[in-house]
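Visitor: To start, I am sharing the structure in question, which I have written as structure tokens.
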Amino acid sequence: MTTTYTVEVNDVHKRFGSVHALQGLSLKTRKGEIYGLLGPNGAGKSTLIRTIIGLHEPDSGSVTVLGHNMPSKTVLSRTGYMTQASALYNDLTVYQNIAFFAGLMGCRDRAAIEEAIAFVDLTERMHSPVGTLSGGMRQRVSLASVLPHKPELILLDEPTVGVDPQLRFQFWDHFRQMTAQGITLIVSSHVMDEAERCDRLGFVRQGQLIAEGTSESLRQQAGKDNIEEAFLYLAEQKGVLNNHE
Amino acid sequence: MSNNRTQILAQRVIQQMLADRRTLALIVIVPMILLSFLGILIRHDQAKLVVAYINNDEGFSLAGNEINLGDRLETLLADIDEFNTEIMTAEEARLKLDDGDIDAAITVPEDFTANVASTRKLALAVEFEGSNPMLSERLEKLFERLALQSINTLAATGTPTTVPVGADSMEFETAIDATYLHGGKDYDTLDYMAPALVGFFVFFFTFLLTCISFLRERMNGTLERLQATPIRSYEIILGYMLGFLVFGLAQGAITLLFTVYALKIHYAGNLLNMFIVEGLLVAVSVNLGVLLSTFAQNEFQVLQFLPLVVVSQGLLGGVIWQIEDMPKWIQPISYLMPLTYGNQALRGVMIKGESLLNVGDSLLIITLMAAIVIVLASRTAGRTKI
Numbered sequence: 006m007t008t009t010y011t012v013e014v015n016d017v018h019k020r021f022g023s024v025h026a027l028q029g030l031s032l033k034t035r036k037g038e039i040y041g042l043l044g045p046n047g048a049g050k051s052t053l054i055r056t057i058i059g060l061h062e063p064d065s066g067s068v069t070v071l072g073h074n075m076p077s078k079t080v081l082s083r084t085g086y087m088t089q090a091s092a093l094y095n096d097l098t099v100y101q102n103i104a105f106f107a108g109l110m111g112c113r114d115r116a117a118i119e120e121a122i123a124f125v126d127l128t129e130r131m132h133s134p135v136g137t138l139s140g141g142m143r144q145r146v147s148l149a150s151v152l153p154h155k156p157e158l159i160l161l162d163e164p165t166v167g168v169d170p171q172l173r174f175q176f177w178d179h180f181r182q183m184t185a186q187g188i189t190l191i192v193s194s195h196v197m198d199e200a201e202r203c204d205r206l207g208f209v210r211q212g213q214l215i216a217e218g219t220s221e222s223l224r225q226q227a228g229k230d231n232i233e234e235a236f237l238y239l240a241e242q243k244g245v246l247n248n249h250e
Numbered sequence: 234m235s236n237n238r239t240q241i242l243a244q245r246v247i248q249q250m251l252a253d254r255r256t257l258a259l260i261v262i263v264p265m266i267l268l269s270f271l272g273i274l275i276r277h278d279q280a281k282l283v284v285a286y287i288n289n290d291e292g293f294s295l296a297g298n299e300i301n302l303g304d305r306l307e308t309l310l311a312d313i314d315e316f317n318t319e320i321m322t323a324e325e326a327r328l329k330l331d332d333g334d335i336d337a338a339i340t341v342p343e344d345f346t347a348n349v350a351s352t353r354k355l356a357l358a359v360e361f362e363g364s365n366p367m368l369s370e371r372l373e374k375l376f377e378r379l380a381l382q383s384i385n386t387l388a389a390t391g392t393p394t395t396v397p398v399g400a401d402s403m404e405f406e407t408a409i410d411a412t413y414l415h416g417g418k419d420y421d422t423l424d425y426m427a428p429a430l431v432g433f434f435v436f437f438f439t440f441l442l443t444c445i446s447f448l449r450e451r452m453n454g455t456l457e458r459l460q461a462t463p464i465r466s467y468e469i470i471l472g473y474m475l476g477f478l479v480f481g482l483a484q485g486a487i488t489l490l491f492t493v494y495a496l497k498i499h500y501a502g503n504l505l506n507m508f509i510v511e512g513l514l515v516a517v518s519v520n521l522g523v524l525l526s527t528f529a530q531n532e533f534q535v536l537q538f539l540p541l542v543v544v545s546q547g548l549l550g551g552v553i554w555q556i557e558d559m560p561k562w563i564q565p566i567s568y569l570m571p572l573t574y575g576n577q578a579l580r581g582v583m584i585k586g587e588s589l590l591n592v593g594d595s596l597l598i599i600t601l602m603a604a605i606v607i608v609l610a611s612r613t614a615g616r617t618k619i
């Protein structure tokens, strides 16, 4: 069965106690696109990503990833998930870390692991313990660790947070190279200037998708010059800005 | 496939341990240091024992032979290497015993020989200093041997014609009438403790290391990443068990060799049996570590678990004190502790040289406990939040 959409989120609700984190959110991503999730801290971006990857089970609604109903363990080997803070084992080397996560995904191919390390330009530090690397390098290791098993979908939760501008530029360059291979990327960010680089954007506010489209169409829709103003305008339009639960 | 992921995780645990040379060194060296201390202390006491001998025996004439058992005992006492005998008066002995300068006082009354001859019962009145029950127990054993020897000399001197009518031979009963100034009769030796300590160290370190590793897995977000891979909770737990089993057994083996060669502990059992018991203990402690890591928010809190989970088992699990000798009401707590059964099995296997079947009951209970904690740990292993 061929699915036109790599990810389908249909009317998903998720509550944590009294917090209504996702409030009937729906979205779809196409193969080979970068879909940006934009929104302030606490908007529900991380919860959404975690629900897509199957770490949270939706209270209602459904999530389909590469044709599999989530949560599903079997489809996970075709996906990659880069968490917000680089989740790595500090006492292990760059190679050991990447080989470990690749191994769990079913990839024990040395060449693919080394290729991923070369992709983020860390070949020289391959055998350094991750704990001895700088923050930016760790972030690159984190990115490389989702690559060797050639996933079709990668979710990146604020991959460029705390990353200097030069490295951020490199990251987006990497992302483009990845989509050129047909990989779908879902990238969350609260940095508005990153939005311009996404193929499509979803504005997330209080657990809802308040607007969706290319950055240009969103700016036009709001009649604003930049994406930040567009976001604020559209949020107000939807009446969710001051609508606290 | 599932084996594969478990193996990959086990491999990672091993890599992490190998990367942490300091921890690796500590898990091997610490047991050796502590066991050495214990050995030194026990053996040091052994050399210093002093026994007071108060001899008031006036002797007894048995069929024309003047016999004085008190004097014989004195000669025998002088030949014993395990302690020094000092001849003194009852008053001196009293003072020294009270001050703790001597470890025991043997008092032989005026009618000692006469009594033995007429009752054919040798009763030795010994007062132990007793604050170290292990020493008192050791002395008591020696005195018992001594009493037997002194009677044998009586048998050797006496001719069959001197035997009182009705007696078929010169058979005497011996008895030690022991009183204690402090403490009781409980005792323990390094030999008795060593197998249990080997198990204790394995339990201690694997619990501590898993608890902290797993806590870090939660804190660093790697557990969340693991959950976004096809690996399942039970595979994570099995991987941890496998990884720590390697180090648990290695530590057990090194500690054991150390106790055999450096501390000269006598074992009768075979190593494989011991490894099997230790393997089961590792299964319990790894899973207990994973389980309790859920309740810790940082490494300090993990350390707080140690007195509760590990030290309490050291005290009540029969490592030093026998459970049978503990107050009745506290014994049920002992019997809830995995280390209790680990100790029973290790002692059985290592000291008595029993087969695994002989200690089957203990093994069964440890296995059961392991199963319970594995199930509980598998359930909590999925929780990523601290």
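Heads up: the sequence lines are chains A and B, in that order. Its first residue numbered 6, the first sequence is counted upward by one per residue in our numbering. Its first residue numbered 234, the second sequence is counted upward by one per residue in our numbering. Cβ coordinates follow ideal geometry from the N, Cα and C atoms, glycine included.
Check the Cβ-Cβ distances between T455 of chain B and every residue of chain A, and say whether any is below 8 angstroms.
Guide: For T455 of chain B, the answer is yes, since a Cβ of chain A falls inside 8 angstroms of its Cβ.
Visitor: Does DSSP put T443 of chain B in a helix, a strand or coil?
Guide: If DSSP states are grouped into helix, strand and coil, T443 of chain B belongs with the helices.
Visitor: Report the partner residues of F21 of chain A according to the DSSP bridge assignment.
Guide: Note: F21 of chain A sits in a beta bridge opposite A:V24.
Visitor: Check the Cβ of A90 of chain A against every Cβ in chain B and list those closer than 9 angstroms, keeping chain order.
Guide: Going along chain B in sequence order, the residues near A90 of chain A (Cβ under 9 angstroms) are N453, G454.
Visitor: Taking the alpha-carbon positions, what's the L138 of chain A to V125 of chain A distance?
Guide: Distance between the alpha carbons of L138 of chain A and V125 of chain A is about 14 angstroms.
Visitor: Could you tell me whether any Cβ in chain B is nearer than 8 angstroms to the Cβ of Q211 of chain A?
Guide: Chain B, which has no Cβ nearer than 8 angstroms to the Cβ of Q211 of chain A, makes this no.
Visitor: Distance, Cα to Cα, T84 of chain A vs D230 of chain A?
Guide: One C-alpha to the other measures close to 36 angstroms.
Visitor: Drop a sphere of 10 angstroms on the beta-carbon of F477 of chain B, count the other beta-carbons inside from all chains shown, and report buried for 16 or more, exposed for fewer.
Guide: Buried, since its Cβ has 16 or more Cβ neighbours within 10 Å.
Visitor: Quick one: residues in its chain with C-beta nearer than 8 angstroms to the C-beta of A486 of chain B, no 5 flanking neighbours on either side, listed in chain order?
Guide: Cβ within range, chain order: L504, F508.
Visitor: Give the residues from the region 245–256 of chain B that approach chain A closer than 8 angstroms (Cβ to any Cβ), ordered along the chain.
Guide: Taking 8 angstroms as the Cβ-Cβ cut-off against chain A, the residues of the region 245–256 of chain B that qualify are R245, Q248, Q249, A252, D253.
Visitor: With 8 angstroms as the C-beta to C-beta threshold (strictly closer), list the residues of the region 106–136 of chain A near chain D in chain order.
Guide: This model lacks chain D altogether, as its protein chains are A and B.
Visitor: Per DSSP, E299 of chain B is paired with what?
Guide: Its beta-bridge partners are B:S294.
Visitor: Would you call the region 466–485 of chain B in contact with the region 555–570 of chain B, where contact means no fewer than 3 C-beta pairs closer than 8 angstroms?
Guide: No, they do not touch.
Visitor: So, L430 of chain B versus E532 of chain B, is the Cβ gap smaller than 8 angstroms?
Guide: No, the pair does not count as a contact, with Cβ atoms beyond the cut-off.
Visitor: Does any residue of chain B bring its CB to less than 8 angstroms from the CB of D96 of chain A?
Guide: Cβ-Cβ to chain B under 8 angstroms: yes for D96 of chain A.
Visitor: Consult DSSP for M131 of chain A and reduce its assignment to one of helix, strand or coil.
Guide: Note: M131 of chain A maps to coil in three-state DSSP.
Visitor: Apply the 10 Å Cβ neighbour rule to H61 of chain A and answer buried if 16 or more other Cβ atoms are within range, or exposed otherwise.
Guide: Label assigned to H61 of chain A: buried.
Visitor: Quick check on DSSP: helix, strand or coil for V68 of chain A?
Guide: Strand.
Visitor: Confirm, please, whether the CB-CB distance from L160 of chain A to I58 of chain A is below 8 angstroms.
Guide: Yes.
Visitor: Tell me whether K585 of chain B is buried or exposed, calling it buried when 16 or more other Cβ atoms sit within 10 Å of its Cβ.
Guide: With fewer than 16 Cβ atoms within 10 Å of its Cβ, K585 of chain B is classed as exposed.
Visitor: Scan the region 141–193 of chain A and note each continuous beta strand (DSSP E) run of 3 residues or more that stays entirely inside, going in chain order.
Guide: List check, beta strand (DSSP E) in window: 158–162.
Visitor: Please list, in chain order, all residues of the same chain as T395 of chain B whose beta carbon is under 6 angstroms from its beta carbon, the five residues on each side excluded.
Guide: With a pLDDT of 41 at T395 of chain B, under the threshold of 50, the modelled position of that residue is not reliable, and the figure given next carries that caveat. Cβ within range, chain order: L295, A296.
Visitor: Can you pull the chain A neighbours of I445 of chain B, defined as C-beta to C-beta under 8 angstroms?
Guide: Result: empty, since nearest Cβ-Cβ is about 12 angstroms, beyond 8 angstroms.
Visitor: Between the C-alpha atoms of G212 of chain A and V12 of chain A, what's the straight-line distance to the nearest angstrom?
Guide: Spanning the two alpha carbons is a distance of roughly 18 angstroms.
Visitor: Can you confirm whether I58 of chain A, when its beta carbon is compared against all beta carbons of chain B, has any partner nearer than 8 angstroms?
Guide: Cβ-Cβ to chain B under 8 angstroms: yes for I58 of chain A.
Visitor: Under 9 angstroms, CB to CB, which of the residues in the region 167–187 of chain A have a partner in chain B?
Guide: Under the 9 angstroms Cβ criterion, the region 167–187 of chain A contributes no residue.
Visitor: Cβ closer than 7 angstroms: which chain A residues qualify as neighbours of Q530 of chain B?
Guide: Those within 7 angstroms of Q530 of chain B in chain A number zero; the least Cβ separation is about 17 angstroms.
Visitor: From Y494 of chain B to G167 of chain A, what distance separates their C-alpha atoms?
Guide: Their Cα atoms are separated by approximately 56 angstroms.
Visitor: Reducing DSSP to helix, strand and coil, say where K354 of chain B ends up.
Guide: Correct three-state label for K354 of chain B: strand.
Visitor: Run the CB neighbour count on I563 of chain B, radius 10 Å, all protein chains shown included, and call it buried at 16 or more, exposed below.
Guide: Looking at its Cβ environment, which holds fewer than 16 other Cβ atoms inside 10 Å, I563 of chain B is exposed.
Visitor: Candidates A:N95, A:S147, A:F208: which alpha carbon is nearest Q248 of chain B's?
Guide: Considering only alpha carbons, the answer is A:N95.
Visitor: Can you tell me which of the three DSSP states L30 of chain A falls into?
Guide: Three-state DSSP puts L30 of chain A in a strand.
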